[in-house]
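Participant:
In my numbering, the protein residues as written are 296 to 800.
Here you go:
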């Protein structure tokens, strides 16, 4: 239920309670006093000055209401706008409920003063008096629900929801021809920038719940856009330099050719948040990478190849930034989400081929940057993707296998045990599923590993019986854990390699 519905419901409930109490009070006194006539209950023409006395405190009450509202709004809105987005002030003033309440309170105060002024010694303005009394009662009835409404309005979750609704409405209106494509683009650019600003400021304040909601809001907007993209007019897919300041003419031309400016805008907000999160909120990296993977998967399911490829590019940017900052936590999470994207897009061999190639490339870069474990972790994840690609009959599986075998497990003439482990696990998995030719490729690749290293690798893999890693991690699964059904194949592969080495000697 949105804030406006909650406000109306609360006001109706308060009105019902107030009316019930007032009616009960009136009925009790009316009966107790013998059911007097209307003339007996009215000051009109009997003592008009008394009517003025009644209206005067009502005018003061209205002034108090207006003072409280203006003070609250004058303090709360700018402070909240400074915390989240300066556009909040504009949002508040554009909201119909806020405009109605401020106008109604101002009108009620003015109306009481006007009624007070009109009353004369022989001129009792009873209808104006009744309207003033009813207006004052309604004002007090609405006061508390409206304060709750203002507080909820300032909640960042509701701000994000409003921005999302406005963005989605603009998309629907352009698709339906209600507004021009250029006007819709302007609304979308502004709203997405506002959402991005809220996420960035929330990261600075370590407000993790708002960061999560902001990232997921961007993902939900992408979901809706995906449903409408194929129906959008041609003009929608063309943007100019003012929409992407700093982008080269060639890059802008490519963006217009591919029709992915909207995806670029949304993903750019995530990328900015990701860069901020690397240094200030590492757990936000997990949310961003997960949302990015879901966006890519859904784009693939819709058959939007260019949008899916754009997601792959942003994953590469994420990896590059994590390597530059030597952030192992980010790499640990990104590798996982990247490989899952490869699994989820198995029917697109070209895309999976790219994902596998980039996994290896950035793993090597991580190793060159001194993050040796990250390089080895990339080999394990690529091996996982190779097995899933074969299981899903992905046409890119043989090439992914080639990418894994390109990892240099004898770097500098010294064996890298974890790289050897990754290849042995893959080779055993291929042998287990009856892919003997592919398993032989792995054995051929490992032929130069010394027997003592092979025996150590076999001991490590066969003795690791705990699937759960001995520390708490995002994945929790031990890289070196081998399923019991696969262990005989690990043992057989290592024995074959050791025997082949002995024969060669």
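Note that the Cβ used here is the ideal one computed from N, Cα and C, for glycine as well.
#1: Between the C-alpha atoms of residue 430 and residue 392, what's the straight-line distance to the nearest angstrom?
#2: Report yes if the CB atom of residue 584 is closer than 9 Å to the CB atom of residue 566, and no otherwise.
#3: Judging by CA-CA distance, which residue of 622, 618, 654 and 616 is the nearest neighbour of residue 631?
#4: Here's the rule I'm using: 16 or more other beta-carbon atoms within 10 Å means buried, otherwise exposed. How should residue 617 be labelled?
#5: DSSP state of residue 574, grouped into three classes?
#6: Going by beta carbon distance, what residues of the same chain come within less than 7 Å of residue 470, once the five residues before and after it are set aside?
#7: With a threshold of 6 Å on Cβ separation, who are the neighbours of residue 676 within its own chain once the five nearest residues in sequence on each side are excluded?
#8: Measuring only between beta-carbons, confirm whether residue 748 sits less than 9 Å from chain C.
#9: Using 10 angstroms around the beta-carbon of residue 451, count the other beta-carbons present and answer buried if the total reaches 16, otherwise exposed.
#10: Mind reading off the beta-carbon distance from residue 718 to residue 741? Whole number of angstroms is fine, and I expect it under 8 Å.
#11: Measure the Cβ-Cβ separation of residue 571 and residue 498 and say whether it is below 9 Å.
#12: Consult DSSP for residue 439 and reduce its assignment to one of helix, strand or coil.
#13: Following the continuous alpha helix (DSSP H) through residue 803, name the residue where it begins and the one where it ends.
#14: Tell me the residue span of the alpha helix (DSSP H) that contains residue 660.
#15: For residue 763, which of helix, strand or coil comes out of DSSP?
#16: Smallest Cα separation from residue 688: which of 637, 360, 516 and 331?
#17: Can you name the residues that DSSP bridges to residue 772?
#18: Rounded to whole angstroms, what's the CA-CA distance from residue 664 to residue 305? Just pull it up for me.
#19: Is residue 786 helix, strand or coil by DSSP?
#20: Quick check on residue 651: buried or exposed, where buried means 16 or more other Cβ atoms within 10 Å of its Cβ?
#21: Does the Cβ of residue 627 have 16 or more other Cβ atoms within 10 Å, making it buried, or fewer, making it exposed?
#22: With DSSP collapsed to three states, give me the class of residue 539.
#23: Where does residue 461 fall in DSSP's three states?
#24: Taking Cβ positions, are residue 386 and residue 457 nearer each other than 9 Å?
#25: Ignore the nearest five residues each way along the sequence and tell me which others in residue 769's own chain have a CB closer than 6 Å to its CB.
#26: Taking the alpha-carbon positions, what's the residue 613 to residue 701 distance?
#27: DSSP on residue 745, reduced to helix/strand/coil?
#28: As a quick exercise: from 502, 697 and 520, pick the residue whose alpha carbon is nearest that of residue 483.
#29: Is the Cβ-Cβ distance between residue 712 and residue 766 less than 9 Å?
#30: Tell me where the alpha helix (DSSP H) around residue 703 begins and ends.
#31: Taking C-alpha atoms, which residue in 753, 697 and 536 lies nearest to residue 648?
#32: Just mark residue 747 as buried or exposed, buried being the case when its beta carbon has 16 or more other beta carbons within 10 Å.
#33: Does the Cβ of residue 772 have 16 or more other Cβ atoms within 10 Å, making it buried, or fewer, making it exposed?
#34: Which residue comes first and which comes last in the alpha helix (DSSP H) that contains residue 668?
#35: Hey, residue 682 and residue 724 are a contact pair by Cβ (cut 8 Å); roughly how many whole angstroms apart?
#36: With DSSP collapsed to three states, give me the class of residue 738.
Facilitator: Taking the geometry as given:
#1: 17 Å
#2: no
#3: Cα-wise, what sits closest to residue 631 is 654.
#4: buried
#5: helix
#6: 523, 526 and 527
#7: 630 and 634
#8: Protein chain content of the structure displayed is limited to a single chain, and chain C is not contained in it.
#9: buried
#10: 6 Å
#11: yes
#12: helix
#13: With the chain running from 296 to 800 in the structure shown, residue 803 is simply not present.
#14: 644-663
#15: strand
#16: 637
#17: 763
#18: 60 Å
#19: helix
#20: buried
#21: It is buried - the Cβ of residue 627 has at least 16 other Cβ atoms within 10 Å.
#22: coil
#23: For residue 461, the three-state secondary structure derived from DSSP is helix.
#24: Contact: yes.
#25: Taken in chain order, the residues that qualify are 628.
#26: 23 Å
#27: coil
#28: 520
#29: no
#30: For residue 703, no alpha helix (DSSP H) encloses it, and the DSSP letter there is neither H nor E.
#31: 697
#32: exposed
#33: With fewer than 16 Cβ atoms within 10 Å of its Cβ, residue 772 is classed as exposed.
#34: 667-686
#35: 5 Å
#36: helix
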